[in-house]
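Residue numbers (our numbering), protein chains in the order written: chain A, -15 to 516; chain B, -19 to 272.
Just so it is clear, CB atoms sit at the ideal spot from N, CA and C, and this is done for glycine as well.
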């Protein structure tokens, strides 16, 4: 009836333009927004298999990444590093053969041990790759962000070269807007997506409009696709800031074993993690309270190194029973994807103090009762002699600037909408303490590309949300895993927020001792962390 | 009350022996022994056609209660079977996601185009026919939503008209259709007549077993409400042996006939799979026409 009112079948007025239903077509089948590691992985995988699927891929990225040659030429490691699980490495090597190249491989550093301990008791947990029954030889690989990105970018250039290339690179372009095309026969909320792309810093006139069957939003935690559509999620700030930099160890004072160990020590203010890199370098991720982070950011290099060494080497302190730390996260639902953690920082301190005083007192009372029993478990020598056996690194100097960022956990409600998929940090961000953020994102990329290929084989429209469609299967497979990690790490963070001799702290210490003692359980935890 | 009565009526075959036709059908007695009240002159049953007219614009609505949900989910395995069989039988070469490129394909009983669209995306030149006007209208509206499906030729027609026009196709698919026809043998013979020598005919339907009654009628219609009650009549279901015989009568090469069951692999995700052994409920059968 509306069609007749507007004059004739197939004619529809929208935004001042007469739009015939038969004059539009898809410029690309899959448009990946965001050229980070996860986005580039999706684009590379789909473009490489386009011989069998016939899909045309596009990738949009605002920054122009450096080439692999220039990255390999510089010797200073990128302070931003990732602990890549073996499964992630396998996938990256399969889609980007350049990562298996000798020169690139020399920039990755595999680690065979992981040592987790805390500052308030002698409890510790050590994972040893040699003890794992499936015998990978290492627990994982530490890779520099710049190297992985550059290798993937080189692969994209390879796939995007030539006139009939399956991949179109819209680099550098910014995503100005994303709209749904109104099409007869489809509800407005399911129409094809039109992306308006503009080179950064240029006027609107230079914009080009791309129509895509499916848009993959891989543009990180501050996703503009999510902002444009107003997709909401839930999350909370940890009321912590992380300081990231790369360091050099004192090679005389540091044992060989320490150079292939990933360290994580839980201090009262938060975990400090060291990831080993090649040639005596290490990458630091120090999560701590905002005030501490400010202080550490401001102090001189020498003071910073001293603080760090002290934090690592200090003997466990028997701190007095103290209230649960004020860095308890305040969970709340929020509608805007742009989470302003600075507000939470100011408000949650006072909120935690006032609202949690009641439960704190209760816990103190219970803690006093179970203290003696848990103390025995946490300090028993047979459960903690590993702590003495594990050598610690001695840090000599800073190799890069100190960067800092807020820590938060965010999960989008839906990972798949009509013709839209969220992958990587755009869908979920978690605490860096387990180093799993990128591994989750890479697993997302693997799952989504597999489902898209399967969907194309059966001739379906890849953007549909019908039963057993690519998008629904992707969401069904990945959302529970990411949620599980997020909640699990949130629980761990809550546990480690407690001070030494509180009930929670003692239970935690006891728990660590027990896990370290029970080899099958330890192996299971390691396998989960390695992504198998 | 109505539901109970309807349920009792549906339970008629095993419980009420004074309906001998249905009991003998349940025991798997050949259809020739059953007295059929429908005439073979009218090749299309108007009552059956109206069932598909009623679906209207819900053909493509994933959450529709008019019974098209299972068809969407089954598409993956149906298309896979068709592509695999056609590739083998007609020696097609795979090229860039268009395995059916260059083939003229007829979807006889296309409904809203649920099968025609995926086959068109895989490269076939598809003609879709259906006697239900509402279904064809819905298909024509939806085909405009994807540039790759705009070339599908939908017609409100029957196989007899196609046959009379003398058109010939490389592949004819008639999926979930024969159980709604008064004379499946005549239909299949007409289809076979429209296939080029060396071409392929693919048919899918439901088997006439106790299990298919429990699942597709009691389960799908009465209990879960996935299909409107009365969509299927169990005594019109055909066993694989009957369909095989009909295909042979129609002139298809009996050595080329292949069957496979379609089973729900995961009821939660509605993922189907092909199972060559389990033909108890849904099955798909393909045959090649002898070269001249």
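As assigned by DSSP and simplified to three states, the class of residue i
i, result
"residue 105 of chain B", "strand"
"residue 334 of chain A", "Any reading at residue 334 of chain A is ruled out, since the residue's pLDDT is 45, under 50, leaving its predicted position unreliable."
"residue 155 of chain B", "strand"
"residue 431 of chain A", "helix"
"residue 318 of chain A", "At residue 318 of chain A, the pLDDT of 32 sits below 50, so the modelled position is not reliable; the number obtained from the coordinates is stated separately. Residue 318 of chain A: strand per DSSP, three-state reduction."
"residue 305 of chain A", "Unreliable positioning characterises residue 305 of chain A in this predicted model, as indicated by a pLDDT of 30, which lies under 50. The coordinate reading is nonetheless provided below. The answer is coil: DSSP assigns residue 305 of chain A none of H, G, I, E or B."
"residue 67 of chain B", "helix"
"residue 35 of chain B", "coil"
"residue 250 of chain B", "coil"
"residue 273 of chain A", "coil"
"residue 245 of chain B", "strand"
"residue 279 of chain B", "Chain B is shown from -19 up to 272; residue 279 of chain B falls before or after that span and cannot be answered."
"residue 378 of chain A", "coil"
"residue 78 of chain B", "coil"
"residue 144 of chain B", "helix"
"residue 270 of chain B", "coil"
"residue 445 of chain A", "coil"
"residue 24 of chain B", "coil"
"residue 300 of chain A", "coil"
"residue 93 of chain B", "coil"
"residue 47 of chain B", "coil"
"residue 260 of chain B", "coil"
"residue 522 of chain A", "Nothing about residue 522 of chain A can be read from this structure; chain A reaches only from -15 to 516."
"residue 452 of chain A", "coil"
"residue 520 of chain A", "Because chain A here runs from -15 to 516, residue 520 of chain A falls outside it and cannot be looked at."
"residue 276 of chain B", "Outside the shown range of chain B (-19 to 272) lies residue 276 of chain B, about which nothing can therefore be said."
8 angstroms contact criterion, which residue i and residue j should meet: CB distance rounded
i, j, result
"residue 274 of chain B", "residue 86 of chain B", "The structure shown has nothing for residue 274 of chain B, since chain B only spans -19 to 272."
"residue 186 of chain B", "residue 212 of chain B", "7 angstroms"
"residue 386 of chain A", "residue 177 of chain A", "Rounded, the Cβ-Cβ distance is 40 angstroms, inconsistent with contact."
"residue 493 of chain A", "residue 107 of chain A", "4 angstroms"
"residue 139 of chain B", "residue 170 of chain B", "4 angstroms"
"residue 154 of chain A", "residue 181 of chain A", "5 angstroms"
"residue 562 of chain A", "residue 125 of chain B", "Residue coverage of chain A in this structure runs from -15 to 516, which leaves residue 562 of chain A outside it and unanswerable."
"residue 221 of chain A", "residue 390 of chain A", "6 angstroms"
Beta-bridge pairing of residue i - partner residues as DSSP gives them
i, result
"residue 266 of chain A", "A:231 and A:260"
"residue 85 of chain B", "B:106 and B:151"
"residue 97 of chain A", "A:112 and A:245"
"residue 265 of chain B", "B:183 and B:239"
"residue 71 of chain A", "Its beta-bridge partners do not exist; DSSP assigns none."
"residue 102 of chain A", "A:250"
"residue 135 of chain B", "B:109"
Test: residue i CB closer than 8 angstroms to a CB of chain C
i, result
"residue 49 of chain B", "Any reference to chain C falls outside this structure, whose protein chains are A and B."
In chain order, which beta strand (DSSP E) runs of at least 3 residues are fully inside the stretch 179 to 262 of chain A?
Here the runs fully enclosed are 192 to 201, 217 to 233, 245 to 251 and 254 to 260.
The stretch 425 to 449 of chain A: positions lying closer than 9 angstroms to chain B by Cβ
Within the stretch 425 to 449 of chain A, those residues whose Cβ lies closer than 9 angstroms to any Cβ of chain B are, in chain order, 438, 439, 440, 441, 442, 443, 444, 445, 448 and 449.
Tell me which residues of the stretch 96 to 126 of chain B have at least one Cβ-Cβ distance to chain A shorter than 7 angstroms, keeping chain order.
When C-beta distances to chain A are compared with 7 angstroms, the residues of the stretch 96 to 126 of chain B below that value are 98, 99, 101, 102, 121, 122, 124, 125 and 126, in chain order.
If we require 4 or more residues per run, which alpha helix (DSSP H) segments fall completely within the stretch 158 to 243 of chain B?
Here the runs fully enclosed are 164 to 173 and 220 to 230.
Unbroken stretches of the alpha helix (DSSP H), 4 residues or longer, contained in the stretch 108 to 133 of chain B
Counting whole runs of 4 or more residues, the stretch 108 to 133 of chain B contains the alpha helix (DSSP H) stretches 113 to 123.
Which runs of the alpha helix (DSSP H) spanning at least 4 residues fall entirely within the stretch 380 to 419 of chain A, listed in chain order?
For the stretch 380 to 419 of chain A, not a single whole alpha helix (DSSP H) run of length 4 or above is found.
For the stretch -4 to 67 of chain A, list the alpha helix (DSSP H) runs that are entirely contained and at least 4 residues long, ordered along the chain.
Entirely contained in the stretch -4 to 67 of chain A, the alpha helix (DSSP H) runs reaching 4 residues are, in chain order, 21 to 32, 34 to 37 and 52 to 57.
What are the residues of the stretch 245 to 261 of chain B that lie near chain A, defined by any Cβ-Cβ distance shorter than 8 angstroms?
For the stretch 245 to 261 of chain B, which is checked against every Cβ of chain A, the residues closer than 8 angstroms are 249, 250, 251 and 252.
Can you pull out the residues from the stretch 76 to 89 of chain B whose beta carbon lies closer than 8 angstroms to at least one beta carbon of chain A?
Residues of the stretch 76 to 89 of chain B with a C-beta less than 8 angstroms from any C-beta of chain A: 76, 77 and 78, listed in chain order.
In chain order, which alpha helix (DSSP H) runs of at least 4 residues are fully inside the stretch 112 to 176 of chain A?
Those alpha helix (DSSP H) runs which fall completely within the stretch 112 to 176 of chain A and span 4+ residues are 129 to 144.
Select from the stretch 58 to 73 of chain B all residues with a C-beta closer than 9 angstroms to any C-beta belonging to chain A, and list them in chain order.
Residues are counted here when their Cβ sits less than 9 angstroms from a Cβ of chain A; for the stretch 58 to 73 of chain B these are 58, 59, 60 and 63, given in chain order.
If the cut-off is 8 angstroms on Cβ atoms, which residues from the stretch 169 to 198 of chain B count as contacting chain A, listed in chain order?
Residues: none.
Output, in sequence order along the chain, the residues in the stretch 14 to 37 of chain A whose CB is closer than 9 angstroms to any CB in chain B.
Taking a C-beta cut-off of 9 angstroms against chain B, the contacting residues of the stretch 14 to 37 of chain A are 34, 35, 36 and 37, listed in chain order.
Give the residues from the stretch 447 to 474 of chain A that approach chain B closer than 9 angstroms (Cβ to any Cβ), ordered along the chain.
Here the close residues are 448, 449, 450, 451, 452, 453, 456, 457 and 460.
Relative to chain B, which residues along the stretch 391 to 416 of chain A have a C-beta separation below 8 angstroms, given in chain order?
If the cut-off is 8 angstroms between Cβ atoms, the stretch 391 to 416 of chain A has nothing near chain B.
If the cut-off is 7 angstroms on Cβ atoms, which residues from the stretch 151 to 183 of chain A count as contacting chain B, listed in chain order?
Taking 7 angstroms as the Cβ-Cβ cut-off against chain B, the residues of the stretch 151 to 183 of chain A that qualify are 167, 168, 169 and 170.
According to a CB-to-CB cut-off of less than 8 angstroms, which residues of the stretch 92 to 119 of chain A neighbour chain B?
Within the stretch 92 to 119 of chain A, no residue qualifies.
Which residues of the stretch 199 to 227 of chain A have a Cβ closer than 8 angstroms to any Cβ of chain B? Give them in chain order.
Under the 8 angstroms Cβ criterion, the stretch 199 to 227 of chain A contributes no residue.
Note down, in chain order, all residues in the stretch 246 to 264 of chain A with a beta-carbon under 9 angstroms from any beta-carbon belonging to chain B.
Taking 9 angstroms as the Cβ-Cβ cut-off, the stretch 246 to 264 of chain A has no residue approaching chain B.
Tell me which residues of the stretch 139 to 157 of chain B have at least one Cβ-Cβ distance to chain A shorter than 7 angstroms, keeping chain order.
Cβ contacts with chain A: none found.
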